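Data first, discussion second: the structure below is written as structure tokens.
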């Protein structure tokens, strides 16, 4: 049985994702993303599950930055989990009694319509996480009347959900990733994604265009690009890329090797099956047999045989 | 005298930027970035000053998202302000007595070295902002011993700085922008920056490369690109671009018009002098006279005169 | 009635094209392409008809070079004419009697199969043109028994065609152009072609890619590219381009103005209806209304009105 | 001792090139470029020397087309030879006596200034080659008074040069190539050129840009591009490319393999030392060690070792 660290405390969406998808794993809650990843790096856990991006809030920048630095970890899987907020109260509390609501600011933003409609007089106070909000509301003598949290947090902390799925959008999802220490890669499935982090050698104009051209020329489709500061001043960035295909694919390997030649540092973050199982559309001339045929032809040419 | 909204409460870095750079302006603290921008939109203030990005933390995503939606605002200026954290205490508190420190998580991250070295036993608790942390520490009966905040917050809330510039890096800066309701643009200075937000018509592979090509072909250098989720599901993004030059420049105008033809929606966010006053290097053949000459030539050709 | 110079002597394919397509024009045969173009330049003729390329032989380089230098001329029309060779003899000559055949080397190449099959013992001698070959065969006391020429040459010089359409390929065509002194351009038809000649400012690596990018970014499709030596040494070239659309089209005008900025010299060679009447496929976002809308939007932005 | 076919008859520039550069080779004159190449293909000769391009006239299209079809041949060397025309006469003829001059039309074009200045009353008649012109003038009873030919033709045919280097430009050069049947390639020298012929899979808009991108992404500089008709109608072309570097270079090999994947047919025409001995400037990140390092890194990544 594997042991997986995750972004805690108990009751986070991250734990919900983990429970749903690896129900048999032992779970190790960690105080933040960095701590969860370090647990995986140090061998305290076999791996870690952390959020990477949210369809409304965008990238989880701590995750991006923690993966870009420190000892290497590989993404070995991804999951998309709908974000469903519940309004959690101590047993007996009624909607009309709610004056002070505790939640994470992002949840506040995403439930603004419900709050204005159903609890127009309530004050919303910021908590460090939605699960921590539930934990606090559950504590004896808490000055807060309700928490906006994942349903799972209610189970943990003995709170009742007096409203469910209260987000303004019903289609919000969070993308979670599972990471492990480097090792044998997941097998290619035909519906894979590869992630990496690129630090440019020098930040000349057109450098980003050059990087994108490495992908385009080999018919590799980017699915996400995030710029992050290197820390060396405004205007200095490094880049996170997600793209279709597996590093074992010839076109992906050649594109990534091309990036390697452009970059000061290139960190491979893994090749893994896509959560949505959408098969990669392969552009004519870029399938593995096309590369093999071209390589064979080139070998003959170089040997003077054609 | 102008009145400028800013990201409050009193004592934020944002206020420090504003006081330094527009000392005579009347200041209106707002609870969050959205509120500050709305004050400018509604005419409650003449404009607003908010942070856009930080050299360590990256983009301030609330600012990106608030500018991309709602009524249009134009950036009319930018400033780079060094981020210097102070350790603030109630008068009389000594370093050795500090057990519980309140600050914003980003400040915590940036001062981790100091904390481990100087206050190894202290617990750090998250506040919603560094200024709010100071305000809380200053309140009678506060359970917290110290705040990590801008020096200015100490002045406001009557706290003493027992240590200054305690960040792990001494070169961290935040880029603040001033925004106004649309109106006459700042004059070109030769060292300008232009910002905009692009929503792609359709998110086909290669769409980002196409957008970057619009800039490259006219010799316009990108200085920043941020992808943000549209909210319509993982994998759907819009883009913030900063680039060199002024919308009044021929090459910039043509590039932006080219983007307009590619995009479903393109929001201009302003042309304004760069904080660093670095003059734009103009690639041969892309200066205004080159465009004028080409246009004149084309006019003659079309008229059958050459 | 207009007077048109053409590549003579009488009986050339060029004359056949001219007779077919402008039957009422007065015809002025010229000794070579340069002389025909000069007749148009000098006003000796109202225009000129010359071959530009052949589907088997390729570009007629004299035409390319003569159009690139000297006083400007505009292409105002193009025609595609099938190349059909006849075997012409003095009346009474029979196939079996033919020992010595006169023709232009290109015609020899294109009729090689017929010659080997039907006249295996004949010797083929090179003439300066297929029409000149007919003229020579028709002269009293000619040492040649037959000419391979256009049928029209037989009519002129009193020769009989004992075989027709003897080319190895039945689908060979020549593209002829009509040129005039610069003046009002032909109206756009939606199925137009534009031609120009570009002399690069400097011949750096990637210069050709830059030129092609000017077209690609505006969705303009190239239909022909020819490199020609500038005369300043091996490795120094200028380029002839044909592309879809009319210089009056917004996308074409902008692409051509972009080339103008890249080039030391750019010579417009005309916009004119395509011989094949194939309408230009306009890529999304590159039609005239798209450009107009973008320009209007840009105007408002620059005026501070949006 | 090797035997080399060349474009005859005796006395051509091609022979002059061959005599200068491989003085010990046995020489086999051939009637045209195709015959010379076939002599090499058939083993009648060990190789062939033919002209490829001229700095004033451009490409020798017969050579381009003959190399693109038929059995494969490899270019193994190239030479640049200045084109110097002499005015050749039978011994005793004086300049003032010259009424009828025989030469190839290209030579006529290149000596126009001399003819107008020194022999204003002379008529120039077209010959099939400059060497054939000398041969004809030398024949007893020739109706021609002079030939414009290479000096070497005078030696062969017993004519006197009464004027030398009479071309209007003194810097005209012809590029000759030596071809052999496929075999071991010339060793890389650091100043190499590679030639090939590309037949596109389909002739979609942007196909040429795609091909050039294959070179650009690997930092390979094109030095020549020629479009030639496939024969399948106006608007259908294939392409000859010359570019810097040797097929044994990693960047060249990868670029050419990329072209192979784009093309229906790709014919390698050889890697050989440049006549001008100009060393290839290698763009950062594209040298062989850069490719080797990237490949090694990729191998570790794929094996799960990094």
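Chains as they are written, first to last, in my numbering: chain A, 6 to 311; chain B, 6 to 311; chain C, 6 to 311; chain D, 6 to 311.
Cβ atoms here follow ideal geometry from the backbone N, Cα and C, with glycine treated the same way.
Please read all numbers here as calculations on a predicted model, not as lab measurements.
*asked:* Using CA atoms only, rank isn't needed, just tell me which of A/289, A/305, A/308 and A/261 is closest to residue 305 of chain D.
replied: That would be A/261, whose Cα lies nearest to the Cα of residue 305 of chain D.
*Helix, strand or coil at residue 31 of chain D according to DSSP, with G and I counted as helix*: It is a strand residue.
*By DSSP, does residue 245 of chain D sit in helix, in strand, or in coil?*
DSSP places residue 245 of chain D in the strand class (E or B) of the three-state scheme.
*Go through its chain and collect everything with a Cβ distance to residue 37 of chain C's Cβ below 8 angstroms, but skip five positions before and after it.*
Only 12 and 67 meet the Cβ criterion.
*Looking at the C-beta of residue 176 of chain B, does it have a partner C-beta in chain A at a distance below 8 angstroms?*
Yes - at least one Cβ of chain A is within 8 angstroms of the one on residue 176 of chain B.
_Beta bridge counterpart(s) of residue 83 of chain A as assigned by DSSP_ = Partner(s): A/182.
*Quick one: residues in its chain with C-beta nearer than 7 angstroms to the C-beta of residue 4 of chain D, no 5 flanking neighbours on either side, listed in chain order?*
Limits of chain D in this structure are 6 at one end and 311 at the other, which puts residue 4 of chain D out of reach.
*Grouping DSSP H, G and I as helix and E and B as strand, with all else coil, what is residue 210 of chain A?*
Looking at residue 210 of chain A - three-state DSSP - the assignment turns out to be coil, as it is neither helix nor strand.
_Does residue 106 of chain A come out as helix, strand or coil in the three-state DSSP assignment?_
Strand, per DSSP.
*Work out the CA separation of residue 136 of chain D and residue 14 of chain D for me, nearest whole Å.*
Those two C-alpha atoms are separated by around 6 angstroms.
*Taking only beta-carbon positions, decide if residue 2 of chain B is within less than 8 angstroms of chain A.*
Outside the displayed span of chain B (6 to 311) sits residue 2 of chain B, for which this structure offers no information.
*So which residues of chain D does residue 229 of chain C contact, with C-beta pairs closer than 9 angstroms?*
Correct list: 232, 239, 240 and 242.
*So, using beta-carbon positions, are residue 91 of chain B and residue 155 of chain B closer together than 8 angstroms?*
Contact: yes.
_Separation of residue 69 of chain C from residue 21 of chain C, as counted between CA atoms_ = Straight-line Cα distance between these residues: approximately 21 angstroms.
*Within 10 angstroms of the Cβ of residue 104 of chain A, are there 16 or more other Cβ atoms? Answer buried if so, exposed if not.*
Residue 104 of chain A should be labelled exposed.
*Going along the chain, which residues of its own chain have a beta-carbon closer than 8 angstroms to the beta-carbon of residue 149 of chain C, five neighbours each way excluded?*
105, 106, 107, 130, 138, 141 and 142.
*chain C contact residues for residue 187 of chain B, given Cβ-Cβ distances below 8 angstroms*: For residue 187 of chain B, the chain C residues whose Cβ falls inside 8 angstroms of its Cβ are 309, 310 and 311, in order along the chain.
*Can you tell me the Cβ-Cβ gap for residue 184 of chain C and residue 79 of chain C, rounded? I've got them flagged as a contact below 8 angstroms.*
Right, the Cβ-Cβ distance comes to about 6 angstroms (below 8 angstroms), so this counts as a contact.
*If you measure from the beta carbon of residue 219 of chain D to each beta carbon in chain A, is any gap under 8 angstroms?*
Cβ-Cβ to chain A under 8 angstroms: yes for residue 219 of chain D.
*residue 172 of chain D Cβ short of 7 angstroms to the ligand HEM heavy atom set*: The model depicted lacks the ligand HEM and carries no ligand whatsoever.
*Taking 8 angstroms as the cut-off, decide whether the C-beta atoms of residue 223 of chain A and residue 114 of chain A are in contact.*
In this structure, residue 223 of chain A lies away from residue 114 of chain A, with their beta-carbon atoms at least 8 angstroms apart.
*CB-CB length for residue 51 of chain A against residue 8 of chain A, believed under 8 angstroms*: Going by Cβ atoms, the distance from residue 51 of chain A to residue 8 of chain A rounds to 5 angstroms, so yes, they are a contact pair.
*asked:* Going by C-alpha to C-alpha distance, which of C/158, C/244 and C/173 sits closest to residue 118 of chain C?
replied: It is C/173 whose Cα lies nearest to the Cα of residue 118 of chain C.
*Residues of chain B with a CB under 8 angstroms from the CB of residue 245 of chain C: which are they?*
Going along chain B, no residue has its Cβ under 8 angstroms from residue 245 of chain C, so there is no contact; the nearest lies around 17 angstroms.
*asked:* Measuring only the C-alpha atoms, how far is residue 255 of chain D from residue 310 of chain D?
replied: Cα to Cα, the separation comes out at about 24 angstroms.
*Would you say residue 295 of chain A faces chain D, with C-beta separation under 8 angstroms as the test?*
Against chain D, the CB of residue 295 of chain A has a partner CB under 8 angstroms away; the residue lies at that interface.
_Residues sharing a beta bridge with residue 288 of chain C, DSSP_ = Residue pairing for residue 288 of chain C: DSSP places it in no beta bridge.
*Could you say which of D/110, D/277 and D/101 lies nearest to residue 122 of chain D if we only look at CA atoms?*
Looking at the Cα atoms, D/101 is the closest of the given residues.
_Let me check one thing: in DSSP terms, what residues is residue 63 of chain C bridge-paired to?_
Paired residue(s): C/59.
*Separation of residue 31 of chain C from residue 393 of chain D, as counted between CA atoms*: As displayed, chain D neither begins before 6 nor continues past 311, which places residue 393 of chain D out of reach and without an answer.
*Starting from the Cα of residue 75 of chain A, find the closest Cα among A/47, A/57, A/56 and A/88 and give me that residue.*
Closest option to residue 75 of chain A, Cα to Cα, is A/47.
*Report all residues from its chain with a CB closer than 7 angstroms to the CB of residue 258 of chain A; omit the five preceding and five following residues, and keep chain order.*
Result list for residue 258 of chain A: 252, in chain order.
*Grab me the residues of residue 250 of chain A's own chain with a C-beta within less than 7 angstroms of its C-beta, minus the 5 sequence neighbours each way, in chain order.*
Contacts found: 197, 199, 225, 256, 257 and 285.
*For residue 89 of chain A, go through chain B and note every residue whose CB falls closer than 9 angstroms to its CB, in chain order.*
Within chain B, no residue comes near residue 89 of chain A; the closest Cβ sits about 16 angstroms away, beyond 9 angstroms.
*Could you pull out every residue in the same chain whose Cβ sits closer than 8 angstroms to the Cβ of residue 228 of chain D, ignoring the five residues on either side in sequence?*
Cβ within range, chain order: 198, 247, 248 and 249.
_Counting C-beta neighbours from all protein chains within 10 Å, is the total for residue 201 of chain D 16 or more, i.e. buried, or is it exposed?_
The residue is buried, with at least 16 neighbouring Cβ atoms inside 10 Å.
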